[in-house]
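Chemist:
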Ligand SMILES: Cc1ncc(COP(=O)(O)O)c(C=O)c1O
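In my numbering, the protein residues as written are 91 to 476.
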């Protein structure tokens, strides 16, 4: 289906709501039936019918259809956060005694889930450098049932060869899931490469306006129903109809936004790479990126995240760089309209905490929708402080 059809029309049955162009927010927890017969018939399938909003809601359902189509999946679920999506997809597919192979630097709370939560239920894991599929293969044990991928990750952008991972997992009967948040479905469609399930922090590009926290799981009818009937209905961490409506609105401009972010980030990354005050610049579409060939082969682009190392030994100079900036917001997260900067120096010298494993000169930029030249003027002024 054409991307324009998905973003603008799919799932929107306008004749059911006065031909309104924008769908209604069905702000109802509950749905009534015309007859006992209809009640009996519909209650047999809570995922597809409208019974109670913890299960399915018409506004959320429009969003589910669009997200599934964007990823080329049969169905999707939308949850209260990306962390919930990761947890539900993983928990639904493991049991006591199972082992998970996970890439070495996933999103921090994914790491936490594997290190501190799942071991309480007898589920073990191995973190592995996924830049070589052979490392993933070597980590597989007889009880491995799940492979967790994140390609690229959102700090240093390591990739996995998704086709090779999918084929390896299939040989061993292992379920695969990828966090595809960095690329968004505009630039990477892992299900077409053989991956079973895709998750997103929809908080980032899918919503795109820094005003909704949500998460997405896409997969086959069978996999989605399995997660729905056990984890979702018992743990109940759903998105509200109002937030779902905001994400539908955000999706209207998804293609424009991520392409703009990508193009601006590429321009800024290339400029930073040539700047005398910077060291290494990491961005998957710079020819200097260690996995550039794989990036250009399996992705059509990426988002607006760029990591740069400042050329200085002094934390005071790093602080002067940050204090000079006026056009970037200091913040975690990414994927909205606004450009952000995350200083690793902010995680240094916190009383009671060890310093992070990366240098204080490391800076993660998120390039939003502003004019890239206007942003470079700001960075240029900051770099002059080094
Ligand atoms: C790559 C990635 N995955 C998952 C998450 C978790 O998503 P959420 O914050 O929506 O729970 C984040 C959040 O920053 C993330 O960056």
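The C-beta atom is built at its ideal place from N, Cα and C for all residues, glycine as well.
Quick caveat: nothing in here was measured; it's all calculated off a predicted structure.
Roughly how many whole angstroms lie between the Cα atoms of residue 157 and residue 306?
Modeler: So the two alpha carbons sit approximately 8 Å from each other.
Chemist: With 16 as the cutoff for other CB atoms within 10 Å, does residue 233 come out buried or exposed?
Modeler: Exposed: under 16 other Cβ atoms inside 10 Å.
Chemist: With a cut-off of 8 Å, do at least 3 Cβ pairs link the segment 175-193 to the segment 224-231?
Modeler: Because the criterion of three Cβ pairs below 8 Å is met, the segment 175-193 and the segment 224-231 touch.
Chemist: Within 7 Å: the Cβ of residue 269 and any heavy atom of ligand 1?
Modeler: Correct: residue 269 has its Cβ closer than 7 Å to ligand 1.
Chemist: Starting from residue 433 and walking both ways along the beta strand (DSSP E), at which residues does that stretch end?
Modeler: It spans 430-433 - the beta strand (DSSP E) in which residue 433 sits, taken as one unbroken run.
Chemist: Name the two residues that bound the continuous beta strand (DSSP E) containing residue 306.
Modeler: Residues 305-309.
Chemist: Which residues share a DSSP beta bridge with residue 363?
Modeler: The partner list for residue 363 (beta bridge, DSSP) is empty, contrary to what the question assumes.
Chemist: Compare the beta carbon distance of residue 351 and residue 276 with 8 Å and say whether it is the shorter of the two.
Modeler: It is not a contact, given that the beta carbons lie outside the stated cut-off.
Chemist: Is residue 280 buried or exposed, if buried means 16 or more other CB atoms sit within 10 Å of its CB?
Modeler: Classification of residue 280: buried, given that the 10 Å Cβ count is 16 or more.
Chemist: Distance, Cα to Cα, residue 163 vs residue 256?
Modeler: When rounded, the distance between both Cα atoms is 15 Å.
Chemist: Pull up the distance between the alpha-carbon of residue 425 and that of residue 142, whole angstroms please.
Modeler: Distance between the alpha carbons of residue 425 and residue 142: 32 Å.
Chemist: Going by DSSP, name the residue or residues bridged to residue 95.
Modeler: Residue 95 pairs with nothing; no bridge assigned.
Chemist: Can you list, in chain order, the residues of its chain whose CB lies under 7 Å from that of residue 286, leaving out five sequence neighbours each side?
Modeler: 265, 266, 267, 309, 313.
Chemist: Rounding to the nearest angstrom, what Cα-Cα distance links residue 326 and residue 120 in this structure?
Modeler: Answer to the nearest angstrom: the Cα atoms are 15 Å apart.
Chemist: Spatial neighbours of residue 454 within its chain, please: CB distance less than 7 Å, with the 5 preceding and 5 following residues excluded, ordered by chain position.
Modeler: Result list for residue 454: 245, 395, 397, 432, in chain order.
Chemist: Relative to the C-alpha of residue 487, which candidate in 333, 254, 330, 241 has its C-alpha closest?
Modeler: No information on residue 487 is available, as it lies outside the stretch 91 to 476 that the chain covers here.
Chemist: Does the Cβ of residue 246 lie closer than 7 Å to at least one heavy atom of ligand 1?
Modeler: No, the Cβ of residue 246 stays beyond 7 Å of every heavy atom of ligand 1.
Chemist: Okay, do the segment 91-103 and the segment 116-135 touch, 3+ Cβ pairs below 8 Å being the bar?
Modeler: Contact fails: fewer than three Cβ-Cβ distances are below 8 Å.
Chemist: For residue 387, is the classification buried or exposed, using 16 other Cβ atoms within 10 angstroms of its Cβ as the cut-off for buried?
Modeler: When all chains shown are included, residue 387 counts as exposed.
Chemist: Throw me the rounded Cβ distance for the residue 468 and residue 417 pair, which I believe falls under 8 Å.
Modeler: Between residue 417 and residue 468 the Cβ distance is about 4 Å, and since that is below 8 Å, they are a contact.
Chemist: Select from 430, 405, 177, 170 the residue whose C-alpha is nearest the C-alpha of residue 449.
Modeler: Comparing Cα-Cα distances from residue 449 to each of 430, 405, 177, 170, the minimum goes to 405.
Chemist: If you run the structure through DSSP and keep just helix, strand and coil, what is residue 71?
Modeler: There is simply no residue 71 to check, as the chain begins at 91 and stops at 476 in what is shown.
Chemist: According to DSSP, is residue 369 helix, strand or coil?
Modeler: In the structure shown, residue 369 sits in a strand (DSSP, three-state: E or B).
Chemist: So, do the segment 352-368 and the segment 204-223 have three or more beta carbon pairs nearer to each other than 8 Å?
Modeler: Touching, no.
Chemist: With a threshold of 7 Å, establish whether the CB of residue 321 neighbours any heavy atom of ligand 1.
Modeler: No; taking the cut-off as 7 Å, the Cβ of residue 321 has no heavy atom of ligand 1 nearer than that.
Chemist: Just the Cα atoms here: how many angstroms apart are residue 272 and residue 238?
Modeler: Roughly 15 Å separates the two Cα atoms.
Chemist: Tell me whether residue 240 counts as near ligand 1, meaning its Cβ is closer than 7 Å to at least one heavy atom of that ligand.
Modeler: Residue 240 Cβ: within cutoff of ligand 1.
Chemist: Can you tell which of 400, 344, 461, 452 has its C-alpha closest to the C-alpha of residue 474?
Modeler: Out of 400, 344, 461, 452, 400 has the C-alpha closest to the C-alpha of residue 474.
Chemist: Can we count residue 378 as close to ligand 1, meaning its CB is less than 7 Å from some heavy atom?
Modeler: No.
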